[in-house]
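Chains as they are written, first to last, in the numbering used here: chain A, 235 to 534; chain B, 235 to 534. Have a look at the structure below, then the notes.
Protein chains: 2
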Amino acid sequence: MNKIDFDLKSYLSKKQNIINGRLVRIIRSCAGNDRVTDAMLYSLMAGGKRVRPVLCMAAAEAVGGSAQDVLTAACALEMIHTYSLIHDDLPAMDDDELRRGKPTCHTAFDEATAVLAGDALLTLAFQILSSTDSTDGNTNAKWLRVVHVIAIAAGSSGMIGGQMQDIVSEGVRISMQELEKMHHLKTGALIEASISTGAILGDGNATQIKQLEIYAKNTGIAFQITDDNLNVEGDPDVLGKAVGTDEAREKTTYPSLLGLKKSKELAREKTNNALRALDIFDNSADPLRAIASYIVERKR
Amino acid sequence: MNKIDFDLKSYLSKKQNIINGRLVRIIRSCAGNDRVTDAMLYSLMAGGKRVRPVLCMAAAEAVGGSAQDVLTAACALEMIHTYSLIHDDLPAMDDDELRRGKPTCHTAFDEATAVLAGDALLTLAFQILSSTDSTDGNTNAKWLRVVHVIAIAAGSSGMIGGQMQDIVSEGVRISMQELEKMHHLKTGALIEASISTGAILGDGNATQIKQLEIYAKNTGIAFQITDDNLNVEGDPDVLGKAVGTDEAREKTTYPSLLGLKKSKELAREKTNNALRALDIFDNSADPLRAIASYIVERKR
Numbered sequence: 235m236n237k238i239d240f241d242l243k244s245y246l247s248k249k250q251n252i253i254n255g256r257l258v259r260i261i262r263s264c265a266g267n268d269r270v271t272d273a274m275l276y277s278l279m280a281g282g283k284r285v286r287p288v289l290c291m292a293a294a295e296a297v298g299g300s301a302q303d304v305l306t307a308a309c310a311l312e313m314i315h316t317y318s319l320i321h322d323d324l325p326a327m328d329d330d331e332l333r334r335g336k337p338t339c340h341t342a343f344d345e346a347t348a349v350l351a352g353d354a355l356l357t358l359a360f361q362i363l364s365s366t367d368s369t370d371g372n373t374n375a376k377w378l379r380v381v382h383v384i385a386i387a388a389g390s391s392g393m394i395g396g397q398m399q400d401i402v403s404e405g406v407r408i409s410m411q412e413l414e415k416m417h418h419l420k421t422g423a424l425i426e427a428s429i430s431t432g433a434i435l436g437d438g439n440a441t442q443i444k445q446l447e448i449y450a451k452n453t454g455i456a457f458q459i460t461d462d463n464l465n466v467e468g469d470p471d472v473l474g475k476a477v478g479t480d481e482a483r484e485k486t487t488y489p490s491l492l493g494l495k496k497s498k499e500l501a502r503e504k505t506n507n508a509l510r511a512l513d514i515f516d517n518s519a520d521p522l523r524a525i526a527s528y529i530v531e532r533k534r
Numbered sequence: 235m236n237k238i239d240f241d242l243k244s245y246l247s248k249k250q251n252i253i254n255g256r257l258v259r260i261i262r263s264c265a266g267n268d269r270v271t272d273a274m275l276y277s278l279m280a281g282g283k284r285v286r287p288v289l290c291m292a293a294a295e296a297v298g299g300s301a302q303d304v305l306t307a308a309c310a311l312e313m314i315h316t317y318s319l320i321h322d323d324l325p326a327m328d329d330d331e332l333r334r335g336k337p338t339c340h341t342a343f344d345e346a347t348a349v350l351a352g353d354a355l356l357t358l359a360f361q362i363l364s365s366t367d368s369t370d371g372n373t374n375a376k377w378l379r380v381v382h383v384i385a386i387a388a389g390s391s392g393m394i395g396g397q398m399q400d401i402v403s404e405g406v407r408i409s410m411q412e413l414e415k416m417h418h419l420k421t422g423a424l425i426e427a428s429i430s431t432g433a434i435l436g437d438g439n440a441t442q443i444k445q446l447e448i449y450a451k452n453t454g455i456a457f458q459i460t461d462d463n464l465n466v467e468g469d470p471d472v473l474g475k476a477v478g479t480d481e482a483r484e485k486t487t488y489p490s491l492l493g494l495k496k497s498k499e500l501a502r503e504k505t506n507n508a509l510r511a512l513d514i515f516d517n518s519a520d521p522l523r524a525i526a527s528y529i530v531e532r533k534r
């Protein structure tokens with residue numbers, strides 16, 4: 235792959251601003267119960283990196299589409315990601331009190347509110363994914379396809395299945411293959427769906443979508459490996475959460491199976507695979523190239 | 235309204251069999267994680283009356299459509315209803331150990347599994363609502379509209395908002411108006427959406443859809459009032475759950491505000507409103523007529 239000259243920091247910050255603005259507008263305009271709305275906004279605006287929505291927008295741009303046209307879908311993906319964090323943090327699940335350096339939703343509100351705020355974010359995601367007022371049959375078909383792709387990725391054979399697997403695997407030694415599968419479900423599936431969504435709505439052709447799926451698969455794994463590595467060697471102040479928690483819970487992770495050094499090499503290898511998959515694209519895919527490198531080099 | 239001669243028992247039993255068969259097939263064919271799938275099936279097949287899917291199918295028939303064509307949507311509505319029960323029963327919410335005479339999901343499995351099974355049912359509902367393989371733009375537009383109608387009804391300005399309101403109202407005396415609003419959100423919104431869904435997918439015209447919405451609104455309230463009444467005077471063995479729990483929790487209910495006698499009169503009045511809204515329909519609406527009467531006369 236080629237060295238690219240791309241100002242990712244400014245790209246991310248521009249996109250994050252657009253996403254944050256739209257997220258707040260959507261929540262306010264669809265507001266129902268005040269307490270649920272407050273909790274939804276609290277978790278949604280708690281400083282997420284907006285990886286999924288940015289990937290969705292960058293994928294649309296890579297295939298020659300418009301980032302603005304996929305913004306609603308990008309926001310839906312962030313809502314689904316945020317709902318999954320709220321539910322994962324619950325006492326019955328991972329029982330985490332801090333998330334991105336702030337009290338988790340059930341700590342700031344209460345458990346019932348956190349369950350319902352998560353449910354509401356998931357539901358709102360599908361509400362906005364189906365909110366097009368287009369009368370064009372092709373447009374309606376594309377959005378319906380996106381609803382389907384996202385629902386499969388988020389469901390029991392995707393993200394939810396991965397989370398269940400993660401819970402029942404605590405304290406159990408699992409193989410490298412099982413670990414990859416679990417992570418693919420828990421994190422990778424929604425990341426892939428984010429990229430597919432951008433490519434579908436951006437009118438990508440079959441070859442483009444296939445290459446982007448390879449990119450997504452490898453980037454997703456690299457993302458998860460880096461998460462595991464940061465849980466070993468990260469700085470809690472930079473991360474905004476405690477480190478060493480995986481080891482304390484006897485969770486099987488990439489560094490616990492491979493050692494930290496090999497685990498970092500593997501993340502780099504997956505990133506290189508991701509970058510190679512973008513070779514068919516011109517510089518419209520530079521944001522995706524820069525994001526793949528950022529994901530593996532990040533400190534939080 | 236006219237006295238009708240309609241064998242509701244056989245109609246319901248036929249529809250329930252069709253719905254139950256399809257629900258099991260959907261869950262098995264979309265199965266992801268085994269434990270989540272088991273918990274989904276456990277709660278989904280725990281003896282629900284299938285009120286929402288039957289209403290959806292009956293509404294399609296009322297406007298001259300086919301019950302078979304809306305079966306997938308009917309199943310999605312039952313999944314959303316079931317997910318809401320699983321989450322409502324959680325210790326952090328209503329903390330119920332029995333539901334329809336059987337251990338609740340978190341009692342039979344555990345809390346983490348119950349949270350995830352609920353999440354998975356909600357997600358699967360949207361997955362199957364978007365699973366049409368039609369290439370017809372009009373069909374895609376109808377299903378996308380149904381996704382939207384159902385998401386709004388299930389979200390924080392619908393069912394979830396009602397559940398939050400219900401929780402914060404425990405032990406607080408609320409007015410008749412607030413009670414109606416809460417129930418409309420908690421139960422009525424999804425019942426209305428069930429009927430709208432049937433009417434939309436059955437190609438009902440605007441007048442038909444409007445009359446069915448009036449039917450749905452009144453039937454939904456009558457359903458809730460009857461639920462409240464049964465919590466006072468029902469037979470726990472027939473109901474499959476404890477009675478007197480609303481009073482013990484100091485919940486404001488129709489009988490607590492009006493007394494049992496007036497509360498039963500109100501349920502009857504709402505049912506009559508529902509029946510009158512069906513006057514524009516011929517005997518294709520007989521199932522809906524019979525269901526409205528059944529809802530207010532039921533013992534469980």
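Beta carbons: idealized from backbone N, C-alpha and C, even for Gly.
With the criterion set as a beta carbon lying under 8 Å from some beta carbon of chain A, the members of the region 262-283 of chain B are Cys264, Ala265, Gly266, Asn267, Arg269, Val270, Thr271, Met274, in sequence order.
Within the region 378-406 of chain B, the residues whose Cβ lies closer than 9 Å to some Cβ of chain A are Leu378, Arg379, Val380, Val381, His382, Val383, Ile384, Ala385, Ile386, Ala388, Gly389, Ser390, Ser391, Gly392, Met393, Ile394, Gly395, Gly396, Gln397, Met398, Gln399, Ile401, Val402, listed in chain order. Rounded to whole angstroms, A/Val381 and A/Leu356 show a C-alpha spacing of 12 Å. When DSSP states are grouped into helix, strand and coil, B/Lys336 belongs to the strand group.
B/His417 has a beta carbon lying at 8 Å or more from every beta carbon in chain A.
At the C-beta level, A/Ile320 and A/Ala348 come within 8 Å of one another. Between B/Met398 and A/Asn439, the C-beta spacing is not below 8 Å.
Pairing B/Met274 with B/Arg262, the inter-Cα distance amounts to about 10 Å. Contact between the region 418-427 of chain A and the region 488-501 of chain A is absent, with fewer than three C-beta pairs closer than 8 Å.
Excluding sequence positions up to five before and after A/Ala308, its CB lies within less than 7 Å of the CB of Ile253, Pro287, Cys290, Met291, all in the same chain and listed in chain order. Using beta-carbon distances, B/Asp353 counts as an interface residue toward chain A, with a partner under 8 Å.
Separation of the CB atoms of B/Leu358 and B/His340 is rounded to 19 Å, and the pair is thereby denied contact status at 8 Å. Close to chain A, meaning a Cβ-Cβ distance shorter than 9 Å, are the following residues of the region 416-441 of chain B: Leu419.
Residue-level contact by beta carbon fails for B/Glu447 and chain A, as no gap is shorter than 8 Å.
Under the Cβ criterion (8 Å, minimum of three pairs), the region 475-487 of chain A does not count as touching the region 238-250 of chain A. Only residues of its own chain outside the window of five on either side were considered, and among them Pro337, Thr338, Thr341 have a CB closer than 7 Å to the CB of A/Glu331, listed in chain order.
Secondary structure of A/Cys264 (DSSP, three-state): coil.
Minimum Cα-Cα distance from A/Asp329 among the listed residues A/Ser390, A/Ala476, A/Tyr449 corresponds to A/Ala476. For the 8 Å CB-CB criterion, B/Val270 and B/Leu350 form a contact. Taking one beta carbon from each stretch, the region 427-447 of chain B and the region 399-417 of chain B have fewer than 3 pairs nearer than 8 Å; the two do not touch. Look at B/Lys248 here: in three-state DSSP terms it is helix. Under the 8 Å criterion on CB atoms, B/Thr316 is classed as non-interfacial with respect to chain A. Inter-segment contact for the region 363-374 of chain B and the region 363-376 of chain A is present: three or more beta-carbon pairs are separated by less than 8 Å.
Leaving aside the five residues that flank B/Arg534 on each side, the residues in its chain whose CB is nearer than 6 Å to its CB run, in chain order, Val472, Leu473. The region 500-512 of chain B makes no contact with the region 520-529 of chain A, as fewer than three CB pairs between them are under 8 Å. Between B/Gln361 and chain A, the shortest Cβ-Cβ separation is below 8 Å. DSSP, read as helix, strand or coil, puts A/Ser430 in helix. Nearest CB-CB separation between A/Thr357 and chain B: below the 8 Å threshold.
In the DSSP assignment, A/Gln397 falls within the unbroken alpha helix (DSSP H) covering 393-402.
Annotation: A/Phe343 is outside any alpha helix (DSSP H) and is labelled neither H nor E by DSSP. Nearest neighbour of A/Leu446 by Cα position, chosen from A/Ile459, A/Gln458, A/Ile425, A/Asp461, turns out to be A/Ile425.
Taking a contact as a CB-CB distance under 8 Å, the pair A/Val297 and A/Ala433 counts as one, their CB atoms being some 5 Å apart.
At a cut-off of 8 Å, the C-beta of B/Met327 has a neighbouring C-beta in chain A. Your pair A/Thr487 and A/Asp462 checks out as a contact, with CB atoms roughly 4 Å apart and the cut at 8 Å. The beta-carbon of A/Glu345 is placed less than 8 Å from the nearest beta-carbon of chain B. For A/Val349, the chain B residues whose C-beta falls within less than 9 Å of its own C-beta are His321, Leu324, Ala326, Met327, Val349, Gly352, listed in chain order.
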